[in-house]
Amino acid sequence: MNEPVIHFTPTVSVMMLAYNVKKYINDAIESVLNQTFSDWELIIIDDGSTDGTAELIAKYAAKDSRIRVYHQEHGGRGKARNKCLEYSRGKYIAVCDSDDISYPERFEKQVNFLDNNSDIGAVGSQSCSFCEEAIFDPAKIIHWPTNPNKVYQGFKQGKMKIANCAAMIRRSLFKEYGGYCEELHRAQDYEFFSRITQKGIGLTNLSEVLVFYRQSNFIQNFQYFKENAIYTDYANYRLSGGTKSFNEFNRRVISKLRQNYLILNYWRFMIVMKVKKLKLYRDLYANMS
């Protein structure tokens with residue numbers, strides 16, 4: 001679609017990626033519309049949805065001029081995030097995943113924080129997980145460090161320490177340090193935050209819960225963590241100066257995993273055989289006595 005004429009420069013550009021999320025995206029968009037801070041634009045990148053998502057988000061865009069929708073062939077999150085950055089005009093980028101729900105005061109509190117803390121490049125918050133109904137439960141709070149030094153040390157150890165689902169980022173950082181790695185279908189947020197912390201950019205999280213984070217079922221979660229682990233390894237490889245493509249890197253990883261699998265099975269076989277031998281000797285000794 002053609003880019004519409006925008007007559008204002010918003011403070012916040014909301015980044016929302018959409019791929020076959022018709023079931024959930026309504027709640028995510030409504031949570032943006034219900035923000036106490038109203039100086040925002042919502043940019044939705046439809047990443048080739050086939051379930052009716054495109055038609056649903058088009059209805060929202062027709063009702064509110066602050067909502068802009070762009071379509072692309074399915075190309076993954078990194079590519080979709082970068083396309084969103086191309087169209088963004090705001091001072092800050094607010095990440096809003098299409099299946100999560102932001103608290104009404106989220107933007108207001110994060111804008112106020114960044115306006116008053118020029119040494120911080122991005123701020124997240126605490127989050128509360130849910131499956132079907134977004135009900136606050138203290139037992140389901142996902143805790144994130146609020147000390148910038150602890151966030152930095154965490155990334156230095158290869159750990160994600162900012163809540164990306166609740167992140168608000170200075171747009172100037174993308175201009176200075178580049179956007180998201182498009183080869184990463186997962187963990188592109190980890191790679192970006194790690195990259196800018198290496199440049200001395202401060203990151204932190206507010207102490208309040210400002211986002212409901214949707215968790216999938218066990219099988220989907222297992223698949224997510226498995227894929228995320230592979231992409232995080234590749235992100236660390238790139239951060240350390242590696243130049244191989246993800247496919248080349250992945251082939252090497254799979255080869256190593258297969259080799260380790262064979263070695264582990266060999267030692268498993270040897271242990272089993274030794275146990276059987278010990279049992280045989282024990283039985284022989286028992287028969288002799």
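Per UniProt numbering, numbering of the sequence shown is gapless, rising by one per residue and ending at 289. Where is the CB? At the ideal position from N, CA and C, for every residue including glycine. None of the values given here were measured: they were computed from a predicted structure.
Got a sec? Which residues, its chain only, sit under 7 Å from I196 by beta carbon, not counting five neighbours each side?
As a first step, residue 196 must be located in the sequence shown, where it is residue number 196. Leaving aside the five residues that flank I196 on each side, the residues in its chain whose CB is nearer than 7 Å to its CB run, in chain order, G121, L173, Y177.
Below 6 Å CB to CB, which residues in the same chain sit around A166 once its five sequence neighbours on both sides are set aside?
Counting from 1 along the sequence shown, the entry for residue 166 is found at position 166. Once the five neighbours on either side are set aside, the close Cβ partners of A166 are G124, S125, S127, L210, V211.
Rounded C-beta distance between E53 and V21? I'm assuming under 8 Å.
Indexing the sequence shown from 1 puts residue 53 at position 53. Indexing the sequence shown from 1 puts residue 21 at position 21. Note that residue 53 is Thr in the sequence shown, not Glu. Indeed they touch by this definition, with Cβ atoms about 6 Å apart.
Whole-angstrom Cβ separation of L17 and A80, contact assumed at under 8 Å?
The residue given as residue 17 occupies position 17 in the sequence shown. The residue given as residue 80 occupies position 80 in the sequence shown. That pair is a contact at about 5 Å.
Less than 8 Å between the CB atoms is what I'm expecting for I29 and Y70, so what's the real figure, rounded?
Translated into the one-based positions of the sequence shown, residue 29 becomes position 29. Translated into the one-based positions of the sequence shown, residue 70 becomes position 70. Actually they are not in contact, since the Cβ atoms of I29 and Y70 sit about 15 Å apart, beyond 8 Å.
Taking its Cβ as the centre, do 16 or more other Cβ atoms sit within 10 Å of R251, making it buried, or is it exposed?
Counting from one through the sequence shown, the residue named residue 251 turns up at place 251. That one is exposed.
Which word fits N241, buried or exposed, when buried means at least 16 other C-beta atoms lie within 10 angstroms of its C-beta?
Numbered from its first residue, the sequence shown carries residue 241 at position 241. Note that residue 241 corresponds to Gly in the displayed sequence, not to Asn. When all chains shown are included, G241 counts as exposed.
Kindly give me the distance between the Cβ atoms of V14 and I43, rounded to whole angstroms, as I take these residues to be in contact under 8 Å.
Residue 14 sits at position 14 when you count from the first residue of the sequence shown. Residue 43 sits at position 43 when you count from the first residue of the sequence shown. Indeed, because the Cβ distance is near 7 Å, the residues count as touching under 8 Å.
Where does the unbroken beta strand (DSSP E) through G121 begin, and where does it stop?
Along the sequence shown, one-based indexing puts residue 121 at 121. Residues 120 to 130.
Going along the chain, which unbroken runs of the beta strand (DSSP E) with 3 or more residues stay wholly within the segment 166 to 252?
Within the segment 166 to 252, the complete beta strand (DSSP E) runs of at least 3 residues are 168 to 170, 202 to 214.
According to DSSP, R68 sits in a beta bridge with which residue or residues?
As a first step, residue 68 is located in the sequence shown; it is residue number 68 there, counting from the start. R68 is bridged to I43.
Three-state secondary structure (DSSP) at Y24?
What you label residue 24 is simply residue 24 of the sequence shown in a count that begins at 1. Reduced to three states, the DSSP call for Y24 is coil.
Please return the same chain residues whose Cβ sits closer than 7 Å to the Cβ of T189, not counting the five positions on each side in sequence.
To locate residue 189, count along the sequence shown from 1; it is residue 189. One point to set straight first is that residue 189 is Asp, not Thr, in the sequence displayed. Excluding positions up to five away in sequence, the list reads N164.
So, under 8 Å CB-CB, G48 and Q72 are touching, yes? Tell me the CB distance rounded to an integer number of Å.
Position 48 of the sequence shown holds residue 48. Position 72 of the sequence shown holds residue 72. Between Q72 and G48 the Cβ distance is about 7 Å, and since that is below 8 Å, they are a contact.
Check each candidate in S207, G200, I169, H185 and name the one with the smallest Cα separation from residue 301.
The chain is shown only over 1 to 289; residue 301 falls outside these bounds and no answer can be derived.
DSSP three-state label for Y103, please.
For the purposes of this step, residue 103 is identified with residue 103 of the sequence shown, where counting begins at 1. For Y103, the three-state secondary structure derived from DSSP is coil.
According to the neighbour-count rule (16 or more other Cβ atoms, all chains shown, within 10 Å of its Cβ), is F8 buried or exposed?
If you number the sequence shown from 1, residue 8 lands on position 8. Exposed: under 16 other Cβ atoms inside 10 Å.
Alpha carbon to alpha carbon, what distance is there between N34 and residue 329?
With the chain covering 1 to 289 only, the question about residue 329 has no answer from this structure.
Taking I93 as part of the beta strand (DSSP E), name the residues at either end of that continuous run.
Looking up residue 93 in the sequence shown gives position 93. I93 -> beta strand (DSSP E) spans 92 to 95.
Only counting the same chain, and skipping five residues up and downstream in sequence, which positions put a Cβ closer than 6 Å to that of V12?
To locate residue 12, count along the sequence shown from 1; it is residue 12. Closer than 6 Å at the Cβ level, and outside the excluded window around V12, lie W40, G90, Y92, A94, F107.
Using C-beta distances below 6 Å, list every residue in its chain close to D97, excluding the 5 sequence neighbours before and after it, in chain order.
Counting from one through the sequence shown, the residue named residue 97 turns up at place 97. Answer for D97: C165, listed in chain order.
Classify A61 as helix, strand or coil using the three-state DSSP reduction.
Here the question's residue 61 lines up with position 61 in the sequence shown. Helix at A61.
If you drop the 5 nearest sequence neighbours on each side, which residues of the same chain put their C-beta closer than 8 Å to that of T146?
Position 146 of the sequence shown, counted from the first residue, corresponds to residue 146. If we look at T146 and ignore the five residues flanking it on each side, its Cβ neighbours are T204, N205, L206, S207.
Under 7 Å Cβ to Cβ from Y180, same chain only, skipping five residues before and after it: list those, please.
The residue given as residue 180 occupies position 180 in the sequence shown. Excluding sequence neighbours, Y180 sits near G78, R81, N82, Q188, F192.
To the nearest angstrom, report how far apart I169 and T243 are at their CA atoms.
Mapped onto the sequence shown, residue 169 falls at position 169. Mapped onto the sequence shown, residue 243 falls at position 243. Whole-angstrom Cα-Cα distance: 27 Å.
Quick one: what does DSSP say I135 is sitting in, helix, strand or coil?
The residue you call residue 135 lines up with position 135 of the sequence shown. I135 falls in the coil class under three-state DSSP.
Rounding to the nearest angstrom, what Cα-Cα distance links Y152 and A134 in this structure?
Along the sequence shown, one-based indexing puts residue 152 at 152. Along the sequence shown, one-based indexing puts residue 134 at 134. Cα-Cα distance, rounded: 31 Å.
In whole angstroms, give me the CA-to-CA distance for F218 and I101.
To locate residue 218, count along the sequence shown from 1; it is residue 218. To locate residue 101, count along the sequence shown from 1; it is residue 101. A caution first: F218 carries a pLDDT of 44, below 50, which makes its placement in the model too unreliable to give a value.
Report all residues from its chain with a CB closer than 6 Å to the CB of Y19; omit the five preceding and five following residues, and keep chain order.
Taking the sequence shown and counting its residues from 1, one reaches residue 19 at position 19. So the list reads D47, S49, once near-sequence residues are dropped.
How many Å lie between E132 and G76 at the Cα?
In the sequence shown, counting from the first residue as 1, residue 132 sits at position 132. In the sequence shown, counting from the first residue as 1, residue 76 sits at position 76. The straight-line gap from Cα to Cα measures roughly 25 Å.
Is I29 helix, strand or coil by DSSP?
Within the sequence shown, numbered from 1, the residue matching residue 29 stands at position 29. Three-state result, I29: helix.
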